[in-house]
Structure formats: C-alpha cells, structure tokens
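Step one of this worksheet: look at the structure below.
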Amino acid sequence: MKFVSYWHYTAPVFSGGAQDPLEGHYDAAIIGGGFTGLAAARQLAKAGAKVVVLEAERVGGGASGRNGGHLNNGLAHSYLSAKAELGKDRAIALYRALDDSVDTIEALVAEEGIDCNFRRAGKLKLASKPQHFESIARNFEALHAEVDPDTALLSAADLKSEIGSPFHGAMLSKKSAMMHMGRYVAGLATAAARHGAVIHENAAVTDRKQAGGKHELTTSRGRISADNVLVATGAYTTSNFGYFRRRIISVGSFIIATRPLSDAEIAATMPGNRTCVTSMNIGNYFRLSPDRRLIFGGRARFSATSDQRSDARSGQILRAGLAAIFPQLAKVEVDYCWGGLVDMTKDRFPRAGYHDGVWYAMGYSGHGAQLSTHLGMIMADAMLGREDRNPMKGFEWPAIPGYSGKPWFLPMVGLYYKALDRIQ
Numbered sequence: 001m002k003f004v005s006y007w008h009y010t011a012p013v014f015s016g017g018a019q020d021p022l023e024g025h026y027d028a029a030i031i032g033g034g035f036t037g038l039a040a041a042r043q044l045a046k047a048g049a050k051v052v053v054l055e056a057e058r059v060g061g062g063a064s065g066r067n068g069g070h071l072n073n074g075l076a077h078s079y080l081s082a083k084a085e086l087g088k089d090r091a092i093a094l095y096r097a098l099d100d101s102v103d104t105i106e107a108l109v110a111e112e113g114i115d116c117n118f119r120r121a122g123k124l125k126l127a128s129k130p131q132h133f134e135s136i137a138r139n140f141e142a143l144h145a146e147v148d149p150d151t152a153l154l155s156a157a158d159l160k161s162e163i164g165s166p167f168h169g170a171m172l173s174k175k176s177a178m179m180h181m182g183r184y185v186a187g188l189a190t191a192a193a194r195h196g197a198v199i200h201e202n203a204a205v206t207d208r209k210q211a212g213g214k215h216e217l218t219t220s221r222g223r224i225s226a227d228n229v230l231v232a233t234g235a236y237t238t239s240n241f242g243y244f245r246r247r248i249i250s251v252g253s254f255i256i257a258t259r260p261l262s263d264a265e266i267a268a269t270m271p272g273n274r275t276c277v278t279s280m281n282i283g284n285y286f287r288l289s290p291d292r293r294l295i296f297g298g299r300a301r302f303s304a305t306s307d308q309r310s311d312a313r314s315g316q317i318l319r320a321g322l323a324a325i326f327p328q329l330a331k332v333e334v335d336y337c338w339g340g341l342v343d344m345t346k347d348r349f350p351r352a353g354y355h356d357g358v359w360y361a362m363g364y365s366g367h368g369a370q371l372s373t374h375l376g377m378i379m380a381d382a383m384l385g386r387e388d389r390n391p392m393k394g395f396e397w398p399a400i401p402g403y404s405g406k407p408w409f410l411p412m413v414g415l416y417y418k419a420l421d422r423i424q
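Mapping of the sequence shown onto the UniProt record's numbering: position 317 corresponds to residue 317, and the numbering continues sequentially without gaps.
As structure tokens, then:
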C-alpha cells in the first residue's frame, strides 16, 4: 500500500514552474497553487496582467490533489435547509453557482485540451436509512420544482441497476461530474503558465506587509511586491492571515483506493459508475477511478492528517466502512491511502470577497473541487475591475468565538455526529 494521493501518483508532474529567483513587482500575487489560485492566475494572465503564484509545496499539493474526485453540483446543505437559512432567491443563486462551476470546468478542459477524464456521471445521494429517504424525497420535490429539473428520485428497486448495496433510495443529480484531479491540476497549471503566469513552487509566504497601496510578500525563496493579493489557501491557511484562520476550520478527510476491479466486481458494486454520497452525518463518498479502482473516502477521524501512521489508522476505518457497504469487496487489496484537509466554515457556506486589503476565496466545506475553479475566475475578474459576479457577495463572516485556528473541539464534534447517526 502506498501512503500517497492516488491523484498525485498517477498524474504527470507539473514542469512549468519558475526556476529564476523570486523577486520583482507584479500586478497580482496569488497565494496558493490549487484550483482556486491557478484558475485565477490563468484568468488574470489571459487579460494581460503580470501575475505570480506562490505555492508552499507543489501545485495541487493541498485539497486540490487530495479529494475524492467528485464534481457534484448542489450545496453542502440540502436545498430546503439552505432556503430556510438564506431565503429562496439566495439559495437558488448559490445552487446555480455550483451548476455553473461544473460547466466552467467542462469548458476550460475543452479550451485548454486538458486530458483529465472529465465525465458527466451524475451523483447519487444515497439514503442509508428509511427515514433518510423521506427527507431526501422532500428535498427533491422542492429542488426539482424550483431550481433543478435535471434531478430524479430513485427507489430502492431503481438502485439495483446502479449500486450493489441495499440503500433505501436516492436522489440523482444528473449534472454532476467526475475527473482525474491530478491530471486536471497539472493541466490547469500548465495552461496558466502558457498564458504568462509565473508559478513558484516551494515558496511559502512567511511575512506580509502593506504600505502605499502595495503589498510586500516575503517567501522562503525570495521577496516580491504586488498591487493585489488573492489568498487561496483554504484549509492550509497559515497564521500570517489571522482573519481567515479565525474563520476556517480545517477538518481531516481520508481516502483509500483499491486495486483495479474486474468487470465482474464492477458489475456487482458500481454498475452505474456515478459519484455516490451516503446520507449519514459521518458518511462516505465513493466512485470508480479511470483505471477502475474504487476510490472510497470519508471522515474516518475528525483530526487532521499528520503522518503515515495516522493515515494508516484512518485507512483501517475506511476499509471497515467499505466492507460494510460492499461486503463483496471486503478482502480486496487497497493500493493507496491518503489524507488531507477540508476548509469548513461554521455554517458550511463558502466565502469570497475582499477584506483588509486582500482578495480571498475559500471555505468550500467539502464542495471545493467544483466551485474553486469557478470562484477563482470570478475573483480574478473582480481584481480586473470587471462585472462583480461573486455569488457570496454580502455574506457576513463572523469569527468563531474562542477559536484561533487550532480546532481543539473536533473530537467532540465527531462524537456528537456519531451519536446523531445512531438515533436519527
């Protein structure tokens, strides 16, 4: 078993990073070389801006290269919950921004010729308990009527041709997609560099000062100045940006990938070949990879990944979860096991805008794989003075009381949700 991200290990390594000393002045500096930052850099460079990307490790080294490979439309909340909290108009606008996000990625992949196995697969929200199906059905009725007709409600009998496990029904979101995240991030970085963006890897930002309308950024590879800064670091935001650290909760998410499955094994487990998410509070998400592996993830533990031993413990929990859902794969070999961080907000709605002299987009709360590219491009347009299309405009973002960036409370949160899953 390899304790590395499947997406990293099976993708070409980005080779277009700058090797020159890090110095000079730029129109825009992007902190973070994931989907958000690279999409913003590409958009800015295409408009003729002089832009630099500062990535602490490798492009896609954070959440962009450590997720489950889903591009699911829809929110972290149910539509009914979002409507109750935000109002109908804003809930619809935010839902449609997620729809637009998948469209944006599809168009970008085609325009730049990125070979990343993009496919409109559809997503199944699977009911783990009978009462969960009742809730899914109520949500479907409102969603289908008010915002997304490209959805369907499937009974337990309907699911027999979709998945080899006895769930109690599901909602199918037909617009959802999947892709190879490692190939996409390498292709996106290559496209940004081709359009003129300067990308520096292993360039962690260690200090920031603002004076005279300009930003001075000190990194591990040198110092630059910039007129504008976009913070696109999500769960990997450092203490240099305390405003965001007090508002972002970094939650561990863990994933395993099996060996390639045979035709018979696929027919017995995932004949529908869609992205799947279960309805439990501490649930699982899974899909088939381009080379026919089952990629199976979840909140195995609520703590952050820290080392191979930690990931191995999480992998054991996920193997048990996989066997519970697919007993026919209980003894299948696992080839990859890895962990990463998800940037959660307290209310699980993303945030983007401008504060204290810097632009930002983060807090995707488990839906960043699709939204980040779209929101990165939107924030780049805002930096260029173009039409403000920010779907999060006007969202308040209060700090979490008593929180400074270290989520000491996560084990208690995990126990709470485990208790809910037992009784609900």
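Using N, Cα and C, we set each Cβ at its ideal position, and we do this for glycine too. Note that the structure is predicted; figures quoted are calculated from it, not measured.
Check, Outcome
"With C-beta atoms as the reference, is G169 less than 7 Å away from F133?", "yes"
"Per DSSP, what kind of secondary structure is I136 in: helix, strand or coil?", "helix"
"A145 to A84, Cα distance in whole Å?", "16 Å"
"Would you call the region 161 to 176 and the region 104 to 111 in contact, with 3 or more CB pairs under 8 Å?", "no"
"Which residue spans inside the region 33 to 89 form an unbroken alpha helix (DSSP H) run of at least 4?", "35 to 46, 79 to 86"
"Taking just the CA atoms, how far does K123 sit from A177?", "7 Å"
"Which residue spans inside the region 159 to 192 form an unbroken beta strand (DSSP E) run of at least 3?", "170 to 173"
"Under a Cβ-count criterion, where at least 16 other Cβ atoms within 10 Å of its own Cβ denotes burial, should Q210 be classed as buried or exposed?", "exposed"
"When the Cα of T190 is compared with those of Y403, G60, L98, S81, which residue comes out closest?", "G60"
"Please work out which residues of its chain come closer than 6 Å, Cβ to Cβ, to I256, disregarding the five sequence neighbours upstream and downstream, and give them in chain order.", "F296, G315, L318, V334, C337"
"Once you ignore the five residues that flank A127 on each side, which residues in its own chain have a CB closer than 7 Å to its CB?", "F133, I136, F167, H168, G169, A170, S279"
"Taking C-beta to C-beta, are I249 and P12 nearer than 7 Å?", "no"
"Who are the Cβ neighbours of D207 in its own chain at under 6 Å, not counting the five residues just before and after it?", "T218"
"Using the Cα positions of V147 and S173, report the straight-line distance between them to the nearest angstrom.", "12 Å"
"So what does DSSP say about R223, is it helix, strand or coil?", "strand"
"Considering only their Cβ atoms, is the gap separating A361 from A232 smaller than 7 Å?", "yes"
"Quick check on A257: does DSSP put it in helix, strand or coil?", "strand"
"Can you tell which of A323, I114, K88 has the C-alpha that lies nearest to the C-alpha of F14?", "I114"
"Do the region 73 to 84 and the region 256 to 272 meet, that is, are 3 or more Cβ pairs less than 8 Å apart?", "no"
"Please go through the same chain and pick out, in chain order, the residues whose beta-carbon is closer than 8 Å to the beta-carbon of H374, but skip the five residues on each side of it.", "A39, A97, D100, S101, T104, I105"
"Distance, Cα to Cα, L288 vs M1?", "18 Å"
"Using a Cβ-Cβ cutoff of less than 6 Å, which residues in the same chain neighbour R348 once the five nearest sequence positions on both sides are dropped?", "A76, S365"
"For K346, collect the residues of the same chain with a Cβ closer than 6 Å to its Cβ; drop the 5 residues on either side in sequence, then sort them by chain order.", "I400"
"Mark Q43 as exposed unless 16 or more other C-beta atoms lie within 10 angstroms of its C-beta, in which case mark it buried.", "buried"
"Roughly how many angstroms lie between the CA atoms of H200 and P21, to the nearest whole one?", "9 Å"
"Could you check if I325 is buried or exposed, using at least 16 other CB atoms within 10 Å of its CB as the buried criterion?", "buried"
"Work out the CA separation of Y285 and L329 for me, nearest whole Å.", "16 Å"
"A110: which of M179, L80, D150 sits nearest, CA to CA?", "M179"
"Which of the three DSSP states, helix, strand or coil, is assigned to E23?", "coil"
"Using only the alpha-carbon positions, how far apart do P149 and A93 sit?", "15 Å"
"Leaving out the 5 sequence neighbours to the left and right, which residues in its chain are closer than 6 Å to L86 when beta-carbon positions are compared?", "none"
"Just to confirm, are A197 and A41 a CB contact at a threshold of 7 Å?", "yes"
"What whole-angstrom Cβ distance do K175 and R120 have, given they're in contact under 8 Å?", "7 Å"
"Applying the 10 Å Cβ sphere with the 16-neighbour rule, what's the burial state of Q131?", "exposed"
"Please report how far the alpha carbon of G242 lies from the alpha carbon of G16, in whole angstroms.", "31 Å"
"Per DSSP, what are the beta-bridge partners of V147 in this structure?", "According to DSSP, V147 bridges with nothing at all."
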